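Here's the structure we're looking at; comments come further down.
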Amino acid sequence: SSAHRDASASPRTVPSRGLRLVMSHAAHLRRALSRALSRASAARAPLGPVANPGATPDRAAALKRDALRAYATGPARHEKQISDDLLAKLGGLSTQALIDGLWVMGWPTSHVMGARPLTEGQKKLVGRAVTLRFVPQRPDIAASKPAGMESPEYEAFEQTGPNECVVMESVGPWESVGGDIKFLRLAQLKCAGLVTDGSVRDTAVLREYGFPVFSISTTPRQGPHVHQPWEANGVITCGGIVVRPGDAIIGDQDGVVVIPASHAQEVYDIAHSREIVEDIVKTELATNPGPPGKFYPFVSGKIKKDSPLCKLLASKGYDSSKFAHTAANPGARAGLGGIPKSRNTLGARRSMSQQVRHKSYMRTDAEFNEVLDQFAKHKACAVLRTGVEGAAYNAMDAAVQGGFKLVEFTLTTPGCLDAVSRFASRTDVLTGCGTVLNIDDAKRALDAGSKFIVAPILIPEVVEWCAANKIVCIPGCQTPSELYRAYSLGAPVQKLFPGVAGGPNWVRAVASALPMLRINPTSGVEIDTAADYLRAGAASLGFVAPAFDQNAIKAGDWDAISKRATEIIAAVKAA
Numbered sequence: 010s011s012a013h014r015d016a017s018a019s020p021r022t023v024p025s026r027g028l029r030l031v032m033s034h035a036a037h038l039r040r041a042l043s044r045a046l047s048r049a050s051a052a053r054a055p056l057g058p059v060a061n062p063g064a065t066p067d068r069a070a071a072l073k074r075d076a077l078r079a080y081a082t083g084p085a086r087h088e089k090q091i092s093d094d095l096l097a098k099l100g101g102l103s104t105q106a107l108i109d110g111l112w113v114m115g116w117p118t119s120h121v122m123g124a125r126p127l128t129e130g131q132k133k134l135v136g137r138a139v140t141l142r143f144v145p146q147r148p149d150i151a152a153s154k155p156a157g158m159e160s161p162e163y164e165a166f167e168q169t170g171p172n173e174c175v176v177m178e179s180v181g182p183w184e185s186v187g188g189d190i191k192f193l194r195l196a197q198l199k200c201a202g203l204v205t206d207g208s209v210r211d212t213a214v215l216r217e218y219g220f221p222v223f224s225i226s227t228t229p230r231q232g233p234h235v236h237q238p239w240e241a242n243g244v245i246t247c248g249g250i251v252v253r254p255g256d257a258i259i260g261d262q263d264g265v266v267v268i269p270a271s272h273a274q275e276v277y278d279i280a281h282s283r284e285i286v287e288d289i290v291k292t293e294l295a296t297n298p299g300p301p302g303k304f305y306p307f308v309s310g311k312i313k314k315d316s317p318l319c320k321l322l323a324s325k326g327y328d329s330s331k332f333a334h335t336a337a338n339p340g341a342r343a344g345l346g347g348i349p350k351s352r353n354t355l356g357a358r359r360s361m362s363q364q365v366r367h368k369s370y371m372r373t374d375a376e377f378n379e380v381l382d383q384f385a386k387h388k389a390c391a392v393l394r395t396g397v398e399g400a401a402y403n404a405m406d407a408a409v410q411g412g413f414k415l416v417e418f419t420l421t422t423p424g425c426l427d428a429v430s431r432f433a434s435r436t437d438v439l440t441g442c443g444t445v446l447n448i449d450d451a452k453r454a455l456d457a458g459s460k461f462i463v464a465p466i467l468i469p470e471v472v473e474w475c476a477a478n479k480i481v482c483i484p485g486c487q488t489p490s491e492l493y494r495a496y497s498l499g500a501p502v503q504k505l506f507p508g509v510a511g512g513p514n515w516v517r518a519v520a521s522a523l524p525m526l527r528i529n530p531t532s533g534v535e536i537d538t539a540a541d542y543l544r545a546g547a548a549s550l551g552f553v554a555p556a557f558d559q560n561a562i563k564a565g566d567w568d569a570i571s572k573r574a575t576e577i578i579a580a581v582k583a584a
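Here it is as structure tokens:
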């Protein structure tokens with residue numbers, strides 16, 4: 010508005026550099042200011058606090074002054090933002106591993122005290138924080154709070170989605186922050202979840218909504234007589250933990266952890282490396298039962314040289330000096346954290362974590378199982394193989410628009426790895442890479458962001474390497490012996506290539522005799538035979554030519570590819 014431009018031009022109120030910084034990171038504040046100025050034009054009394062209310066009888070002028078003075082506060086959101094890809098990686102780790110990662114960095118605990126899952130076994134919460142602060146009820150608070158759709162809680166709700174969750178600071182653990190009608194909007198927006206250090210109402214209905222809820226308790230009481238929503242997307246304290254808008258919120262059956270956006274990548278790197286260590290230890294103890302204590306040197310802050318754990322990691326090809334195994338700063342466990350006073354240490358930690366990421370392709374059990382779960386859920390994978398330059402991304406995007414959730418780019422396709430990298434940052438698909446013929450190919454694919462590896466033939470060293478690193482590998486096989494051999498080597502899914510060679514009856518016979526297999530017929534599966542393959546026992550299907558007509562790709566007819574994809578998905582769902 011013009012009033013906003015006039016106010017922002019004043020050099021006496023706010024330094025221009027500070028104003029630019031805040032405006033760049035707080036667009037929602039500008040919107041709030043605009044609404045406030047609009048309301049002020051019809052107001053009848055000046056608004057405080059101001060230095061000299063008598064000198065500013067015009068309420069709009071007072072509002073401008075107060076709003077601009079608020080810009081002197083530091084930005085609520087950190088300048089670093091958590092990408093969808095990093096958010097998904099954080100969500101693949103347990104809250105325990107993430108807490109440990111924060112401790113290793115010397116960061117105070119970030120566990121939201123008392124917030125528990127509303128439902129046993131509810132899905133995991135993975136989202137960026139949209140914050141909402143409640144304040145105690147007061148008559149003037151209720152009168153001043155924007156009403157209706159401009160209420161801070163609804164402003165917060167409209168900023169949520171599949172990758173955003175609402176974090177609410179209540180005035181007390183037993184006060185209701187909302188119930189079925191209010192939170193219906195979160196369900197409609199497919200919100201990632203809700204966290205509060207208060208209570209919620211209408212438990213049965215909230216469970217039906219499907220999004221994860223973490224709260225101190227449940228209550229039949231209403232909340233408005235006790236507290237009011239006052240601020241959206243400000244810095245809040247939830248369960249004793251400071252939360253900034255944009256922080257990563259991860260919640261599982263153990264509780265909720267807040268990952269600061271400013272250090273999310275470092276937390277992931279360390280937590281991921283620790284999960285690698287724990288997975289190796291668990292596997293060792295399962296194979297050779299014994300007390301686990303010998304693997305945990307809790308005193309030194311790093312794995313001791315020549316300790317049992319050091320030797321175990323070395324036997325698996327890992328350099329134990331690259332792993333921080335316990336709290337590097339002992340004071341961190343007491344909440345004395347070292348990050349603010351140890352910038353050089355943080356830089357060293359970043360270097361260490363990058364080395365771990367470079368040297369290790371190890372995935373966690375959760376990441377491995379997530380890939381298998383997605384294949385079991387969606388069943389149809391679009392496999393792109395084309396010689397047309399510059400078409401990879403658009404062709405696959407068209408297939409995704411038509412309904413595919415599993416995608417594979419083959420290394421024989423121009424721009425394959427670039428396309429893998431671009432798709433890997435998307436949350437609407439699971440991206441893999443095919444025509445992998447050796448371990449170096451697999452590493453290049455994983456470096457680009459591939460979540461699974463596909464080969465046209467059975468290459469034992471590739472399958473074994475992937476199995477050792479908990480990477481889903483889908484090798485090509487033709488006979489029952491090859492299928493079982495792939496399974497024995499560690500391939501959880503076995504690609505029947507070409508799928509047309511045996512047909513659905515062949516798949517039925519093999520699947521009946523070898524029920525442990527997850528057979529994935531590829532190349533030769535048509536729209537009219539897709540359901541037959543699935544009914545015969547195929548676990549999933551790969552679509553090459555039926556999904557990607559080469560003439561359509563050459564012509565850039567993406568609508569045709571989308572239409573074809575829709576037909577394929579319909580056929581698969583009909584099985």
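So in the numbering used here, the last spot in the sequence shown is 584, and the numbers never skip.
By construction, the Cβ of each residue, glycine as well, lies at the ideal position given by its N, Cα and C atoms.
Predicted model only: the values in this text are computed from it and were never measured.
Residue i - DSSP class collapsed to helix/strand/coil
{"i": "residue 503", "result": "strand"}
{"i": "residue 135", "result": "strand"}
{"i": "residue 514", "result": "helix"}
{"i": "residue 559", "result": "helix"}
{"i": "residue 316", "result": "coil"}
{"i": "residue 261", "result": "strand"}
{"i": "residue 344", "result": "Note that residue 344 scores a pLDDT of 36, beneath 50, so its modelled location is shaky; the value from the coordinates is reported in the next line. Note: residue 344 maps to coil in three-state DSSP."}
{"i": "residue 282", "result": "helix"}
{"i": "residue 490", "result": "helix"}
{"i": "residue 238", "result": "strand"}
{"i": "residue 530", "result": "strand"}
{"i": "residue 575", "result": "helix"}
{"i": "residue 565", "result": "coil"}
{"i": "residue 458", "result": "coil"}
{"i": "residue 99", "result": "helix"}
{"i": "residue 203", "result": "strand"}
{"i": "residue 302", "result": "helix"}
{"i": "residue 195", "result": "helix"}
{"i": "residue 543", "result": "helix"}
C-alpha distance - residue i paired with residue j, whole-angstrom precision
{"i": "residue 392", "j": "residue 505", "result": "14 Å"}
{"i": "residue 212", "j": "residue 417", "result": "41 Å"}
{"i": "residue 165", "j": "residue 198", "result": "12 Å"}
{"i": "residue 33", "j": "residue 85", "result": "A caution first: residue 33 carries a pLDDT of 40, below 50, which makes its placement in the model too unreliable to give a value."}
{"i": "residue 570", "j": "residue 396", "result": "16 Å"}
{"i": "residue 553", "j": "residue 159", "result": "50 Å"}
{"i": "residue 38", "j": "residue 327", "result": "Bear in mind that a pLDDT of 49 at residue 38, under 50, signals an unreliable position, so the number given afterwards is only what the model happens to contain. Those two C-alpha atoms are separated by around 49 Å."}
{"i": "residue 97", "j": "residue 200", "result": "15 Å"}
{"i": "residue 157", "j": "residue 240", "result": "14 Å"}
{"i": "residue 110", "j": "residue 483", "result": "32 Å"}
{"i": "residue 579", "j": "residue 533", "result": "18 Å"}
{"i": "residue 119", "j": "residue 174", "result": "17 Å"}
{"i": "residue 371", "j": "residue 281", "result": "9 Å"}
{"i": "residue 420", "j": "residue 454", "result": "9 Å"}
{"i": "residue 152", "j": "residue 177", "result": "21 Å"}
{"i": "residue 125", "j": "residue 102", "result": "18 Å"}
{"i": "residue 234", "j": "residue 248", "result": "22 Å"}
Contact set for residue i: own chain, Cβ-Cβ below 7 Å, skip 5 residues either direction
{"i": "residue 491", "result": "467"}
{"i": "residue 231", "result": "185"}
{"i": "residue 83", "result": "none"}
{"i": "residue 273", "result": "91, 95, 99, 257"}
{"i": "residue 496", "result": "503, 525, 526"}
{"i": "residue 366", "result": "Interpretation of residue 366 is limited by its pLDDT of 35, a score under 50 that renders its predicted location unreliable; the figure taken from the coordinates is listed afterwards. Within the same chain, residue 366 has close Cβ partners 278."}
{"i": "residue 317", "result": "303, 304"}
{"i": "residue 217", "result": "none"}
Cβ-based neighbour list, residue i, same chain, cut-off 8 Å, excluding 5 preceding and 5 following
{"i": "residue 182", "result": "123, 206, 207, 208, 225, 226"}
{"i": "residue 215", "result": "127, 188, 189, 192, 209, 222"}
{"i": "residue 401", "result": "393, 395, 418, 422, 423, 424, 425, 427, 428"}
Close beta carbons around residue i, own chain, < 6 Å, minus the five adjacent residues each side
{"i": "residue 180", "result": "143, 145, 236"}
{"i": "residue 269", "result": "256"}
{"i": "residue 203", "result": "175, 222"}
{"i": "residue 410", "result": "571"}
{"i": "residue 439", "result": "383, 415, 460"}
Chain D within 7 Å of residue i, Cβ atoms only
{"i": "residue 144", "result": "The structure shown has no chain D; it contains just one protein chain."}
Exercise for the section: Give a yes or no on contact between the segment 457-473 and the segment 426-445, applying the rule of three or more CB pairs nearer than 8 Å. Expected result: yes
Exercise for the section: Enumerate, from N- to C-terminal direction, the unbroken beta strand (DSSP E) stretches of 3 or more residues contained entirely within the segment 380-448. Expected result: 389-393, 415-419, 439-443
Problem - Three or more C-beta pairs below 8 Å linking the segment 248-268 and the segment 292-304 - result: no
Problem - Inside the segment 104-180 only - alpha helix (DSSP H) runs reaching at least 4 residues - result: 104-113, 148-153, 161-166
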